[in-house]
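Taking this note's numbering, I'd label the letters of the sequence shown as residues 210 to 536.
No residue lacks a Cβ here, since even glycine has one placed at the ideal position from N, Cα and C.
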Amino acid sequence: MRPAVKPLRVGTRRWGRMIVSFSPESDPYLNLAMEGLIAQSLREDVLFLWVDRPSVVIGRNQLPWAECHTSRLGNVFLVRRFSGGGAVYHDKGNLNFSFVQGPQAAVSRNLEIVRKAMMGLGAARVVCDRRHRLLMNGRKISGSAFRMTSRFRIHHGTILVDSDLDRMKELLVPSVEVVWSRAVRSEPYPVCNLAEFLGITDPWMVAEALVKSVAENMPVDEVAPCELVDQCEARQEASFLRSWRCVYGKSPDALVRLPGTGGVSLLVKISGGMTRAVMWEANGVRVGEVWAGCRRFHPSAVWDLVVRHGVARPPAGRKGDGGIESA
210 MRPAVKPLRV GTRRWGRMIV SFSPESDPYL NLAMEGLIAQ SLREDVLFLW
260 VDRPSVVIGR NQLPWAECHT SRLGNVFLVR RFSGGGAVYH DKGNLNFSFV
310 QGPQAAVSRN LEIVRKAMMG LGAARVVCDR RHRLLMNGRK ISGSAFRMTS
360 RFRIHHGTIL VDSDLDRMKE LLVPSVEVVW SRAVRSEPYP VCNLAEFLGI
410 TDPWMVAEAL VKSVAENMPV DEVAPCELVD QCEARQEASF LRSWRCVYGK
460 SPDALVRLPG TGGVSLLVKI SGGMTRAVMW EANGVRVGEV WAGCRRFHPS
510 AVWDLVVRHG VARPPAGRKG DGGIESA
C-alpha cells in the first residue's frame, strides 16, 4: 500500500525522509526531463519511479550508431540521457528508478534498498558487483548510471521485470564499426527478467516493493510529479531532449567504417552527428576521398551520397605508402 500523500514543504531541506514520486507518464523524454528538474530544485531526497514506452537510452558520451542498430528502431524512441554509462532498453516490462539526493548520498545504501526489495518479492539470491550491477544467477537484472554535481547526485537505473529481451538484443547492436572515437562503449552482459524467477510481470509491483524497502530505513511521503516540477517547463525540456540536436548532435567525434563488398569499405568522419568526410578503404588501406562537406550522418545515407556523386568504386592503382599511386 502506497504511503499517504503529504504536501512538500517548499523552501526547506530535510534529508531525514524520502519523497517518493510515481510518474503517470510513459514518454521517455518527459520522464527524463522531470528527473532533471527534480534534481535542479532538490530540497529533499527523492525516489522517482516510472515506466517508459519502448526506448533505447544511451549515455551522455555515447555514439548512437555504435550502441544501437538505428535502422531497426521503427517506433522505438532513441534517447540521450544526461548521465554516463552504457546503452539500455526500456519498455513496459522495465521499471526505472532514480534516487535524487544530496551529493554525499551513499550509492551502496541505494543498491541495498533495491536488492532488499527484490529479496522481499521472493528472489533467493541477489548480489551486487563492483560495477553496481545487481545479478541473479550470474545475469544482470539491474544496472545503474550516475550524475553528480556540487548540489545533487542522481543514481538511476533499470530493473528488468518482464522486458522483451529478444527486442533488446535486436536493437542493442552496432550500426557501424568504430575505427576511432572518444565515445564511451557499452559493456554487454548477460541479462534476465525477474519474471523468470518470481513470476512477476507488473513493474509497479516492484515499485511498491522498493517503497516498502525504503520505508524500513526512513519515513516516506508520496508526492505527485506535478508538485515537484513545473510541467510546462518539463515539456519544454522534453522537446529539447527529443530533438536531433540532443540525440545525435551531441555525439562525440568518430571515424567509422561501413563495410562494402570485395574488400572495399567506406571510412566516414563524424563530428557533432554530421558526416564531414567520406573516404574509400580497400583491403585496409585508405585509397581516396569520395566526399567532404557537412550533412547529417546515417549509414544508409552515406552510401546514397556515394552513388549520387557517381563514385561506385575506389580509384584504380597500386598501393604506395599509405595510399594509392596511379598506375
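Pair within 8 Å by beta-carbon distance, residue i and residue j
i, j, result
"Cys277", "Leu381", "yes"
"Leu246", "Ala433", "no"
"Val266", "Arg290", "yes"
"Arg360", "Leu437", "no"
"Ala510", "Ala486", "no"
"Pro461", "Arg391", "yes"
"Gly311", "Ala354", "no"
"Leu272", "Met227", "no"
"Gly352", "Val297", "yes"
"Asp338", "His299", "no"
"Trp512", "Leu464", "no"
Endpoints, the beta strand (DSSP E) within which residue i is located
i, result
"Ile479", "473-480"
"Pro468", "463-468"
"Ile228", "223-231"
"Val266", "264-267"
"Tyr298", "297-299"
"Met427", "Neither: Met427 is in no beta strand (DSSP E) and is coded neither H nor E."
"Val494", "494-505"
"Val309", "303-310"
"Val487", "483-491"
Sequence-distant residues of the same chain with beta carbon closer than 6 Å to residue i, five excluded per side
i, result
"Trp413", "none"
"Val336", "Leu344"
"Thr279", "Ser384"
"Glu234", "Asn240"
"Gly329", "Ala418"
"Val410", "Checking the displayed sequence, the identity of residue 410 turns out to be Thr instead of Val. Correct list, in chain order: Asp371, Ala404."
"Met243", "Pro434, Val438, Ala443"
"Phe231", "Leu258"
Residue i burial status per 10 Å Cβ neighbour count (16 or more: buried)
i, result
"Lys325", "buried"
"Met210", "Unreliable positioning characterises Met210 in this predicted model, as indicated by a pLDDT of 39, which lies under 50. The coordinate reading is nonetheless provided below. Classification of Met210: exposed, given that the 10 Å Cβ count is below 16."
"Asp254", "buried"
"Phe506", "buried"
"Trp274", "buried"
"Ala315", "exposed"
"Trp453", "exposed"
"Ala333", "exposed"
"Glu490", "buried"
"Asn305", "buried"
"Pro399", "exposed"
"Val219", "Since pLDDT at Val219 reaches only 33, below the 50 mark, its modelled position is unreliable, and the value read off the structure follows with that caveat. Burial call: exposed."
"Gly482", "buried"
"Ser448", "exposed"
"Val516", "exposed"
"Pro263", "buried"
"Thr484", "buried"
"Arg340", "exposed"
"Arg362", "buried"
"Arg504", "exposed"
Residue i, enclosing alpha helix (DSSP H) - first and last residue
i, result
"Val393", "No alpha helix (DSSP H) holds Val393; DSSP gives it neither H nor E."
"Lys378", "374-380"
"Glu446", "440-450"
"Asn284", "Unbroken run through Asn284: none, as it is neither H nor E."
"Asn319", "316-329"
"Gly352", "No alpha helix (DSSP H) holds Gly352; the beta strand (DSSP E) holding it covers 348-357."
"Ile247", "237-249"
"Pro454", "In the sequence as displayed, the identity of residue 454 is Arg instead of Pro. It spans 453-456 - the alpha helix (DSSP H) in which Arg454 sits, taken as one unbroken run."
"Phe406", "404-407"
"Leu514", "508-517"
"Glu276", "273-276"
For residue i, the nearest candidate out of the options (CA to CA)
i, options, result
"Ile368", "Trp259, Ser235, Met227", "Trp259"
"Asp371", "Gly482, Leu475, Val415", "Val415"
"Asn303", "Met483, Val420, Ala404, Ser390", "Ala404"
"Gln445", "Leu241, Pro233, Val229", "Leu241"
"Gly225", "Arg269, Glu425, Ser474", "Glu425"
"Glu498", "Val297, Ser448, Val477, Pro399", "Val477"
"Asp236", "Asn284, Ala248, Gly329, Val393", "Asn284"
"Arg318", "Phe306, Val423, Ala491", "Val423"
"Met327", "Pro233, Leu419, Val516, Val229", "Leu419"
"Leu374", "Cys401, His365, Gly366", "Cys401"
"Val309", "Ser474, Lys301, Arg356", "Arg356"
"Arg451", "Ser232, His365, Leu287", "Leu287"
"Thr358", "Gln313, Cys441, Gly268", "Gln313"
Beta-carbon proximity list for residue i, same chain, < 7 Å, skipping 5 on both sides
i, result
"Lys459", "Arg289"
"Gly331", "Leu407"
"Glu396", "Gly295"
"Lys215", "Per-residue confidence for Lys215 stands at a pLDDT of 39, beneath the threshold of 50, marking its modelled position as unreliable; no derived number is given."
"Asn492", "Gly472"
"Lys528", "Its pLDDT being 40, under 50, Lys528 is placed unreliably in this model, and the value from its coordinates should be taken loosely. Taken in chain order, the residues that qualify are Val494."
"Met377", "Tyr298"
"Ser480", "Asp462"
"Arg394", "Ala275"
Check: residue i C-beta below 7 Å from any heavy atom of the ligand COA
i, result
"Val370", "Among the ligands in the structure shown, none appear at all, so the ligand COA cannot be discussed."
Close-in-space but distant-in-sequence residues of the same chain around residue i (CB under 8 Å, 5 per side omitted)
i, result
"Ile350", "Met327, Val335, Leu343, Leu344, Ile368, Leu369, Val400, Cys401, Asn402, Leu403"
"Pro428", "Gly225, Arg226, Met227"
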